[in-house]
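So the protein lines, in turn, are chains A and B.
Count along the first sequence starting at 1, add 9, and that's the number in the numbering used here.
Count along the second sequence starting at 1, add 9, and that's the number in the numbering used here.
Number of protein chains: 2
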Amino acid sequence: MQMIEPQRTAAHRRLIEAQAEIFKALGHPSRLLMVEELTRGERCVCELQALVGSDVSTVSKHLSILKGAGVVRDEKRGANVYYSLVLGCVRSFLECTGRHIDQAAQDLSQDLARLAALRSGD
Amino acid sequence: MQMIEPQRTAAHRRLIEAQAEIFKALGHPSRLLMVEELTRGERCVCELQALVGSDVSTVSKHLSILKGAGVVRDEKRGANVYYSLVLGCVRSFLECTGRHIDQAAQDLSQDLARLAALRSGD
DNA sequence: GGAGTATTTGGCGAAACATGCAAATGATTG
DNA sequence: CAATCATTTGCATGTTTCGCCAAATACTCC
Numbered sequence: 010m011q012m013i014e015p016q017r018t019a020a021h022r023r024l025i026e027a028q029a030e031i032f033k034a035l036g037h038p039s040r041l042l043m044v045e046e047l048t049r050g051e052r053c054v055c056e057l058q059a060l061v062g063s064d065v066s067t068v069s070k071h072l073s074i075l076k077g078a079g080v081v082r083d084e085k086r087g088a089n090v091y092y093s094l095v096l097g098c099v100r101s102f103l104e105c106t107g108r109h110i111d112q113a114a115q116d117l118s119q120d121l122a123r124l125a126a127l128r129s130g131d
Numbered sequence: 010m011q012m013i014e015p016q017r018t019a020a021h022r023r024l025i026e027a028q029a030e031i032f033k034a035l036g037h038p039s040r041l042l043m044v045e046e047l048t049r050g051e052r053c054v055c056e057l058q059a060l061v062g063s064d065v066s067t068v069s070k071h072l073s074i075l076k077g078a079g080v081v082r083d084e085k086r087g088a089n090v091y092y093s094l095v096l097g098c099v100r101s102f103l104e105c106t107g108r109h110i111d112q113a114a115q116d117l118s119q120d121l122a123r124l125a126a127l128r129s130g131d
């Protein structure tokens with residue numbers, strides 16, 4: 010039995026949806042900030058709340074979205090809940106996107122400089 | 010001059026926002042499907058539309074979101090517009106999340122099996 | 001067990017997003 | 001240049017997400 014057009018199977022669609030959920034979870038500044046902090050080690054909700062500055066309930070909901078997507082896990086210890094990163098490869102992807110954005114900004118300012126030079130030249 | 014608490018600078022906030030925009034752009038099944046297709050080479054809008062099956066206008070809007078986030082670029086050639094992947098590291102991250110999701114599914118079914126065994130045991 | 005701290009949940013209004021249709025734009029071909 | 005094809009844009013609508021508040025829950029310390 011051979012798999013024809015694997016990209017159209019139901020299994021593939023489910024995988025894409027699960028992956029999209031991961032991206033969606035990471036696609037919010039507060040959540041991404043927290044995840045970045047978690048690349049340095051586990052943190053309790055209160056620490057993450059101090060980091061992002063929103064209401065605790067908002068932070069808690071953000072964290073539950075990240076957990077639902079399988080990006081982080083939580084562990085209750087005493088009165089606190091500690092969150093930690095599960096999806097380690099976020100770290101390297103963040104580094105890559107960081108470089109990418111820096112490069113884009115550099116390219117942009119070079120283009121602007123060229124444009125200015127051209128304008129003053131004629 | 011020393012940089013104190015770099016994670017709170019305006020520059021860092023801007024970076025996080027740009028990165029979050031990338032994740033958000035990827036956080037939609039249709040967009041992710043198209044990006045995955047683009048990891049195999051450039052495609053015109055019509056090909057991508059055939060892939061995802063939505064209205065062409067919807068597909069075009071999705072593509073403009075991906076372009077705005079710096080994930081893809083477009084190039085007009087003749088009557089067609091060809092999109093191609095700019096952010097190459099998406100590929101490896103997709104592989105990683107794919108493995109991660111497979112693993113999670115496996116763990117889940119093992120847990121269920123254990124639970125069933127336990128139940129039939131008592 | 002009562003006060004205080006940490007976290008989650010429910011609810012609600014505002015803002016953002018997704019989608020399809022219709023219309024506009026741009027290129028090709030006869 | 002009229003007809004057609006590929007793509008984008010404007011608009012209307014339904015859906016989702018965000019962020020706060022208030023209330024519920026869970027734990028610790030006296």
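Note that beta-carbon positions come from the ideal geometry of N, C-alpha and C, so glycine has one too.
At least one C-beta of chain B is nearer than 8 Å to the C-beta of residue 36(A). Per the Cβ contact rule, the stretch 96-109 of chain B is in contact with the stretch 96-114 of chain A (3 or more Cβ pairs under 8 Å).
Looking only at 38(B), 21(B), 44(B) and 74(B), the smallest Cα-Cα distance to residue 39(A) is reached by 21(B).
For residue 98(A), the secondary structure class from DSSP, reduced to helix, strand or coil, is coil. Distance from the CA of residue 118(B) to the CA of residue 112(B), rounded to the nearest whole angstrom, comes to 10 Å.
Residues of chain B whose Cβ lies closer than 7 Å to the Cβ of residue 26(A) are, in chain order, 38. Proximity of residue 42(B) to chain A, defined by a Cβ-Cβ separation below 8 Å, is satisfied. Using beta-carbon distances, residue 122(A) does not count as an interface residue toward chain B, since no partner is under 8 Å.
In the DSSP annotation of this structure, residue 30(B) is not part of any beta strand (DSSP E); the continuous alpha helix (DSSP H) holding it starts and ends at 19-35. The residues 94, 99, 100 and 103, in chain order, have a CB closer than 8 Å to that of residue 48(A) in the same chain once the five nearest residues on each side in sequence are set aside. Under the Cβ distance rule, residue 98(A) counts among the residues neighbouring chain B, one pair being separated by less than 8 Å. Two segments are said to touch when three or more pairs of C-beta atoms, one from each, lie closer than 8 Å; by this definition the stretch 73-89 of chain A does not touch the stretch 75-92 of chain B. Legend: CB atoms of the stretch 84-115 of chain B lying less than 7 Å from CB atoms of chain A belong to residues 96, 98, 102, 103, 105, 106, 107, 109, 110 and 113. With a beta-carbon spacing of about 6 Å, residue 42(B) and residue 61(B) fall inside the 8 Å limit used to define contacts. If you compare the alpha carbons of 115(A), 108(A), 123(A) and 116(A) with that of residue 25(B), the shortest gap goes to 108(A).
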